[in-house]
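In short: position in the sequence shown from 1, add 1177, done, that's our numbering.
Built from N, CA and C at the ideal position, the CB exists for glycine as well.
No experiment lies behind these values; they were computed from the predicted model shown.
Taking it in order: structure first as structure tokens, then the write-up.
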Amino acid sequence: MNKHRVLTGVTTTGIPHLGNYVGAIRPAIRAAAQDNVESYLFLANYHGIIKCHDPAMIDESTRAVAATWLACGLDTERTTFYRQSDIPEILELNWILTCITAKGLMNRAHAYKAAMDKNIAEQQDPDFEVEMGLYSYPILMTADILMFRANDVPVGRDQIQHVEMARDIAQRFNHRFGKELFVLPEAKTDENVHLLVGLDGRKMSKSYGNTIPLFQTPKQRQKAVNKIVTNLKEPGEPKQKNESPLFEIYQAFATPSETVAFEQALNDGLAWGEAKKILSAKIGEELDSKTDVYNDLIANPSRIEDILQAGASKARVEARELLAQVKDAVGI
Ligand code: ADP
Ligand code: TRP
């Protein structure tokens, strides 16, 4: 069977929340379980240091993201799971690709332009400068992708441009050196991925401070869920599903028939307080056992490390082989 290579990276600058779970982690784990795919997933810690200059956060986030994917059921027999910084060949490839990338291509990258626009709009810092890591980050992402000959790169919409740049750079290299060394990758955005709303009804995001953490005790989770905005309707008064973000969050964890029943209960006057108890319990059904696994891993970081090292050894065999061919092509 012709296997499709799927590769994606997760930037290690935060602690995963329910939005990341519903929109990225859960669908990726389901997709990786399909027979016709060969999947690669890595912790993009060199991408983390582009925007986050807090060493403790990078370190904590790297462990938390790793433990999260493992606790959510990532099968490391089937998915090559590694930490970017354990594969030094990626940085070697990054430099070689830098030498064939047109500056004009990087001038068009949204990520650094957005940072410049934000600084102008917010008049934050007169000494603000775009650092080279941010400016040339599409090249590092290109190295991540080309190194493992990925066909498909599942990403959010904001990342499509970077995958297209990876395609351009791969083509330019193949053409310049007359060898088909690199596979041309394609961005895959999932139209069906559900954008989870946060406590205030906007997209759940760490930048809005409206998140519900993924792994919590039932008591902590109830406390977080209680902060979801509702209105002043009394128990017994009919309520509509669009009157609070809690309905959409419930829907992300419930079956279709449970969702219909929940809407009916709200229409019939279910109290917001009761609805929040039902929601918190529903999330717990899916996440409580995963939380135990997560806490166990966080308490035993050497287990996480062993898994990442095994993944890195597997990945490096391939990385060394491709890098040797690339170096040979450029005359090194
Ligand atoms: P944040 O917005 O909290 O900074 P990230 O940008 O780090 O989250 O997102 C990491 C991954 O999680 C991406 O694949 C993104 O599409 C997904 N994701 C983030 N927030 C949500 C959300 N509210 N609903 C669905 N998916 C989300
Ligand atoms: N830049 C991506 C993001 O911010 C993460 C990432 C790094 C990535 N390298 C990658 C995603 C390679 C896909 C492929 O979300």
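- Your pair Ser1313 and Met1283 checks out as a contact, with CB atoms roughly 6 Å apart and the cut at 8 Å.
- By alpha-carbon distance to Leu1218, the top candidate from Val1183, Lys1467 and Gln1301 is Val1183.
- Contact between the stretch 1345-1352 and the stretch 1373-1381 is absent: fewer than 3 CB-CB pairs across the two stretches fall below 8 Å.
- Using a C-beta cut-off of 8 Å, the stretch 1233-1248 makes contact with the stretch 1184-1200, since at least three inter-stretch Cβ pairs fall below that distance.
- Under the Cβ criterion (8 Å, minimum of three pairs), the stretch 1329-1340 does not count as touching the stretch 1295-1306.
- For Glu1363, the secondary structure class from DSSP, reduced to helix, strand or coil, is strand.
- Contact check for Lys1404 against Leu1443 fails: the beta carbons are separated by 7 Å or more.
- Excluding five sequence positions before and after Tyr1223, the CB atoms of its chain that fall closer than 8 Å to its own CB belong to Gln1261, Ser1262, Ile1267, Leu1268 and Leu1317, given in chain order.
- Secondary structure within the stretch 1347-1412: the beta strand (DSSP E) runs of 3 or more consecutive residues, fully enclosed, are 1363-1365 (chain order).
- Counting only residues whose CB is nearer than 5 Å to a non-hydrogen atom of ligand 1, the list in chain order is Gly1196, Asn1197, Gly1200, Ala1201, Gly1333, Leu1372, Leu1373, Lys1380, Met1381, Ser1382 and Lys1383.
- Boundaries of the alpha helix (DSSP H) harbouring Glu1482: Pro1478 to Val1507, taken from the DSSP string.
- Ala1442: member of the alpha helix (DSSP H) spanning Pro1433 to Asn1444, first to last residue.
- For the stretch 1261-1341, the full-length alpha helix (DSSP H) segments reaching 4 residues or more read 1265-1275, 1280-1284, 1287-1299, 1309-1312 and 1314-1324 along the chain.
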